[in-house]
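Participant:
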Amino acid sequence: MVHVMELNPARFEDTLIDGGPSLNLDGLLIKPTAATPRRLPDVTASLHEEHLPQGISETEDEKRQHWFVGSIDQGTTSSRFLIFNGEGDPVASHQIEFENLYPKSGWHEHDPHVLVSSVEECIEGAMRKFVDLGYSKSDIRAIGITNQRETTVVWDNVTGEPLHNAIVWPDTRTSALVRELKSRDESDSLKDLCGLPLSTYPSSVKLLWLLQNVEAVKQAYDQGRLAFGTVDSWLIYKLNGGAKAEKPVHVTDSTNASRTMFVNIHTLQYDDKLLGFFGIDKTKVKLPKIVPSSDPECFGKVASGPLINVPIAGCLGDQSSALVGQCGFNPGQAKNTYGTGCFLLYNVGTEPVISKYGLLATVAYDFGGGRKPVYALEGSIAVAGSGVKFLMDNLGFIKNSSEISTLAESVPDNGGVVFVTAFSGLFAPYWIDDAKGTLFGVTHHTNKGHIARATLEATCYQTRAILEAMEKDSKHKLESLAVDGGLSNSDLCMQTQADITGIPVDRPRMRETTALGAAIAAGLATGVWRELEDLKQVNRNGRKVFQPQMEKAKADKMFKKWEQAVEMSRGWCQDQ
Numbered sequence: 080m081v082h083v084m085e086l087n088p089a090r091f092e093d094t095l096i097d098g099g100p101s102l103n104l105d106g107l108l109i110k111p112t113a114a115t116p117r118r119l120p121d122v123t124a125s126l127h128e129e130h131l132p133q134g135i136s137e138t139e140d141e142k143r144q145h146w147f148v149g150s151i152d153q154g155t156t157s158s159r160f161l162i163f164n165g166e167g168d169p170v171a172s173h174q175i176e177f178e179n180l181y182p183k184s185g186w187h188e189h190d191p192h193v194l195v196s197s198v199e200e201c202i203e204g205a206m207r208k209f210v211d212l213g214y215s216k217s218d219i220r221a222i223g224i225t226n227q228r229e230t231t232v233v234w235d236n237v238t239g240e241p242l243h244n245a246i247v248w249p250d251t252r253t254s255a256l257v258r259e260l261k262s263r264d265e266s267d268s269l270k271d272l273c274g275l276p277l278s279t280y281p282s283s284v285k286l287l288w289l290l291q292n293v294e295a296v297k298q299a300y301d302q303g304r305l306a307f308g309t310v311d312s313w314l315i316y317k318l319n320g321g322a323k324a325e326k327p328v329h330v331t332d333s334t335n336a337s338r339t340m341f342v343n344i345h346t347l348q349y350d351d352k353l354l355g356f357f358g359i360d361k362t363k364v365k366l367p368k369i370v371p372s373s374d375p376e377c378f379g380k381v382a383s384g385p386l387i388n389v390p391i392a393g394c395l396g397d398q399s400s401a402l403v404g405q406c407g408f409n410p411g412q413a414k415n416t417y418g419t420g421c422f423l424l425y426n427v428g429t430e431p432v433i434s435k436y437g438l439l440a441t442v443a444y445d446f447g448g449g450r451k452p453v454y455a456l457e458g459s460i461a462v463a464g465s466g467v468k469f470l471m472d473n474l475g476f477i478k479n480s481s482e483i484s485t486l487a488e489s490v491p492d493n494g495g496v497v498f499v500t501a502f503s504g505l506f507a508p509y510w511i512d513d514a515k516g517t518l519f520g521v522t523h524h525t526n527k528g529h530i531a532r533a534t535l536e537a538t539c540y541q542t543r544a545i546l547e548a549m550e551k552d553s554k555h556k557l558e559s560l561a562v563d564g565g566l567s568n569s570d571l572c573m574q575t576q577a578d579i580t581g582i583p584v585d586r587p588r589m590r591e592t593t594a595l596g597a598a599i600a601a602g603l604a605t606g607v608w609r610e611l612e613d614l615k616q617v618n619r620n621g622r623k624v625f626q627p628q629m630e631k632a633k634a635d636k637m638f639k640k641w642e643q644a645v646e647m648s649r650g651w652c653q654d655q
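Numbering (my numbering), first residue to last: 80 to 655.
(1) I'd like the ranges of any beta strand (DSSP E) spanning at least 3 consecutive residues and lying wholly in the stretch 511 to 591.
(2) For residue 221, write down the residues that DSSP places opposite it in a beta bridge.
(3) Rounded to whole angstroms, what is the Cα-Cα separation between residue 472 and residue 518?
(4) Candidates 146, 156, 169 and 244: which alpha carbon is nearest residue 182's?
(5) In whole angstroms, what separates the C-alpha of residue 282 from that of residue 344?
(6) Closest by CA to residue 656, which one among 334, 536 and 330?
(7) If we call anything under 9 Å between Cβ atoms a contact, is residue 421 one with residue 541?
(8) The alpha helix (DSSP H) that contains residue 394, what's its start and end?
(9) Within 10 angstroms of its Cβ, does residue 591 collect 16 or more other Cβ (buried), or is it exposed?
(10) CA-CA distance, residue 641 and residue 194?
(11) Give the DSSP bridge partners of residue 159, in chain order.
(12) In or out: residue 524 buried (at least 16 other Cβ within 10 Å) or exposed?
(13) Around the Cβ of residue 331, are there at least 16 other Cβ atoms within 10 angstroms (buried) or fewer (exposed)?
(14) Please go through the same chain and pick out, in chain order, the residues whose beta-carbon is closer than 6 Å to the beta-carbon of residue 155, but skip the five residues on each side of it.
(15) Quick check on residue 299: does DSSP put it in helix, strand or coil?
(16) Which stretch, first to last residue, makes up the alpha helix (DSSP H) that contains residue 351?
(17) So for residue 204, helix, strand or coil by DSSP?
(18) Quick one: is residue 529 buried, meaning 16 or more other Cβ sit within 10 Å of its Cβ, or exposed?
(19) Alpha carbon to alpha carbon, how far is residue 557 from residue 550?
(20) Terminal residues of the continuous alpha helix (DSSP H) containing residue 273?
(21) Alpha carbon to alpha carbon, how far is residue 171 from residue 340?
(22) Report the rounded CA-to-CA distance for residue 634 versus residue 575, giving the unit in angstroms.
(23) With DSSP collapsed to three states, give me the class of residue 181.
(24) Would you say the stretch 297 to 306 touches the stretch 265 to 273, given that touching needs at least three Cβ pairs under 8 Å?
(25) What are the boundary residues of the alpha helix (DSSP H) that residue 485 is part of?
(26) Across which residues does DSSP place residue 421 in a beta bridge pair?
(27) Counting beta carbon pairs with one atom in the stretch 397 to 409 and one in the stretch 558 to 567, are three or more of them shorter than 8 Å?
(28) Report, in whole angstroms, the separation of the C-beta atoms of residue 501 and residue 221, which I expect to be a contact under 8 Å.
(29) Please tell me whether residue 589 and residue 168 are closer than 9 Å, where the distance is taken between their beta carbons.
(30) Can you tell me where the beta strand (DSSP E) holding residue 613 begins and where it ends?
(31) Can the beta-carbon of residue 429 be found closer than 9 Å to that of residue 451?
(32) Give the range of the beta strand (DSSP E) segment to which residue 443 is assigned.
(33) In angstroms with no decimal places, state the Cα-to-Cα distance between residue 353 and residue 639.
(34) Taking only the alpha-carbon atoms, compute the straight-line gap between residue 377 and residue 162 and give it to the nearest angstrom.
(35) When the Cβ atoms of the stretch 618 to 628 are set against those of the stretch 572 to 586, are three or more pairs found closer than 8 Å?
(36) Keeping to the same chain, check which residues put their C-beta closer than 8 Å to that of residue 417; ignore five residues upstream and five downstream.
Written as structure tokens, this is what we have:
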């Protein structure tokens, strides 16, 4: 005889068991309801203990179900904190959008204090929800950090105060500086050392601009008290207590360090030739120590707040973190993240591949512990979700970004409109710094729906261009593309992506893969997961695959029109 016990404690938010399987223990059927938390009540644990060896109350899989790892996801437009269980499912989260600053055309800044305060507020919000579920801080093994890359922060190493607003990754104020740097004889040799082309994108040119144009930064540099870092370094420094800490923590992981253009991609150490090219004297600026992406000690501990003394054990740049969150651990696997920008990473294994076709060589992840770093080819698109935000905020086409698909579906096609969304120039594989956003094919027939559809298609076209470059570099055609990020929620955009590229697009049900990647890095360092093999089933359920439906000839014709538009968008930013 089977007895059914309905367990229904207080209702709460966030992801729970979602009607998962019932648990049958010696005739007692524990049937989860919509409000049943994943942690089993003590009555079931006591029954189960009778069937385990003496001294053991839970199997390893059962322990993993209520080990938790926190993840800070600090992005371009918002900060978030999520708490994952040992199966990789989010159980609590909190998100805050913050103000982006655009003081001049082409300039893009963040207030460094706001980056920190927004993260702290998210931690407090998520922890309140976590505690409401019946858990406590002691249930969280560690936290990881994932962050927008290249964004540059400078601060006074003595006071811990920022010396300027952070310069954000798509900022183009350095365009003239980049043209001057490209004219130097030795500029052609840099990519073989660091994997990155000279552009407005990496942190190096942002720091150089600050040294040349901001007196407080130049003065701190001359006095040897200037500290430099990307957002991960700044957050880790402040979360550990900043300048007030007994031993201030100033580190970065290999994935973020590889985006500065100061680091040798082969050795993952600062390179004197690269620093010399940019005129950086490392005795005058405190550069963050480069450490693995997963480590139980290097990143320190949270100094205050609801997570006080919880170790920070993982750190990954956001795009590397998304690859880890998609479990892209094998060479040949790739993911595309449709966020503010769009970033396609392709795992190439334990040796870097220097692209000949406009892509970047970057670190996919570096988990330490005797493991070799893993590298990736990357294609970076400056504008994806920010194009939708432009239509919403600047042109008033929609009131909420989720409405973009409905507007685009109000017309059967783009009506001949092509939108080169080069608000920050064009990144991979074109690297055109002097392009501006340009609409082609506008007629009296054109309406908002055509422009909305053309905005979504712009990201899909650039993704195809990147995939073609990756095929040339790797000599391998990708068989499917794993996707995530906010814009991947649009079925229209994902179907268009499959049609334009001619390959299946694979979207997970749980799309918080960027945050999950940082949680995985922290969990690997603290025993939540022992090896990558333990993660093979994480985030595999409920995936949706978009199969190509468009005839190849039509897709090729549309892409050819896009390439024509790209060529015609060149030259708008040239000095008169």
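Just so you know, even glycine gets a beta-carbon here, dropped at the ideal spot from N, CA and C.
As the structure is a prediction and not an experimental result, all values here were calculated from the model.
Facilitator: With the structure as the only source:
(1) 517 to 519, 560 to 563 and 584 to 586
(2) 148
(3) 18 Å
(4) 244
(5) 15 Å
(6) Absent from the model: residue 656. The displayed extent of the chain is 80 to 655, so no value can be given.
(7) yes
(8) Note, residue 394: premise wrong, no alpha helix (DSSP H); beta strand (DSSP E) at 391 to 396.
(9) buried
(10) 37 Å
(11) 152 and 174
(12) exposed
(13) buried
(14) 227 and 419
(15) helix
(16) 351 to 356
(17) helix
(18) buried
(19) 7 Å
(20) 269 to 273
(21) 36 Å
(22) 10 Å
(23) coil
(24) no
(25) 483 to 487
(26) 417 and 460
(27) yes
(28) So it is not a contact: roughly 41 Å between Cβ atoms.
(29) yes
(30) Taken as a continuous stretch (DSSP letters only), residue 613 belongs to no beta strand (DSSP E), as it is neither H nor E.
(31) yes
(32) 439 to 444
(33) 38 Å
(34) 21 Å
(35) yes
(36) 463, 464, 538, 562, 563, 564, 565, 566, 567 and 572
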